[in-house]
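S.K.:
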Amino acid sequence: MTLKEKEISTLQLRVVSPSESTRMVETIVGCKWSLTVFQLLAQDINRPGEMVRRVEGLTTKVLNQCLKRNVEFGILEKISYPEIPPRVEYHVTPFGSKFMTILDALKELQQEIEAQ
Numbered sequence: 001m002t003l004k005e006k007e008i009s010t011l012q013l014r015v016v017s018p019s020e021s022t023r024m025v026e027t028i029v030g031c032k033w034s035l036t037v038f039q040l041l042a043q044d045i046n047r048p049g050e051m052v053r054r055v056e057g058l059t060t061k062v063l064n065q066c067l068k069r070n071v072e073f074g075i076l077e078k079i080s081y082p083e084i085p086p087r088v089e090y091h092v093t094p095f096g097s098k099f100m101t102i103l104d105a106l107k108e109l110q111q112e113i114e115a116q
């Protein structure tokens, strides 16, 4: 094997790091609570305290981590109201709506697989 062939062989075996969109999907889908949060938002439940009360097993700490990740990816937006007591709401961004269509397609695919 010549040096050039060896270089080409090495390049072909090199693993490419995941793109930002791939990392986002892995992070969101890998989070146990993200899909639950999206379902709650679809039902107009957009305040963290109400989300925790509605879902058994969901803690404030885990919810806040989940919401923060979704805000960082641009799927959700956080709105803080200058009130006492403080009030925070989360809403799906236009990009988040597009992202959720992908999740809906995955859900449909899973249903098709289970039906077979």
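Heads up: the sequence shown at position 21 corresponds to 21 in full-length UniProt numbering, and the numbers run straight through without jumps.
A virtual CB, placed ideally from N, CA and C, is assigned to each residue, including glycine.
In whole angstroms, give me the CA-to-CA distance for Thr93 and Ser34.
M.R.: When rounded, the distance between both Cα atoms is 15 Å.
S.K.: Which runs of the beta strand (DSSP E) spanning at least 3 residues fall entirely within the UniProt domain "HTH hxlR-type" (17-116), listed in chain order?
M.R.: The UniProt domain "HTH hxlR-type" (17-116) contains these whole beta strand (DSSP E) runs: 76-81 and 87-92.
S.K.: Restricting to Cα atoms, I'd like to know which of Gln116, Arg47 and Glu112 is closest to Leu76.
M.R.: Selected option, being the one with the closest Cα: Arg47.
S.K.: Whole-angstrom Cβ separation of residue 132 and Val88, contact assumed at under 8 Å?
M.R.: What the structure shows of the chain is the stretch from 1 to 116, and residue 132 is not part of that stretch, so it cannot be assessed.
S.K.: Could you confirm whether any beta carbon from chain C is found closer than 7 Å to the beta carbon of Cys31?
M.R.: Note that chain C does not occur in the displayed structure, where there is just one protein chain.
S.K.: Can the beta-carbon of Met24 be found less than 7 Å from the beta-carbon of Phe95?
M.R.: Against a cut-off of 7 Å, the Cβ pair of Phe95 and Met24 comes out as no contact.
S.K.: Val62: which of Glu108, Lys32 and Ala115 sits nearest, CA to CA?
M.R.: Checked all of Glu108, Lys32 and Ala115; the closest Cα to Val62 is Lys32.
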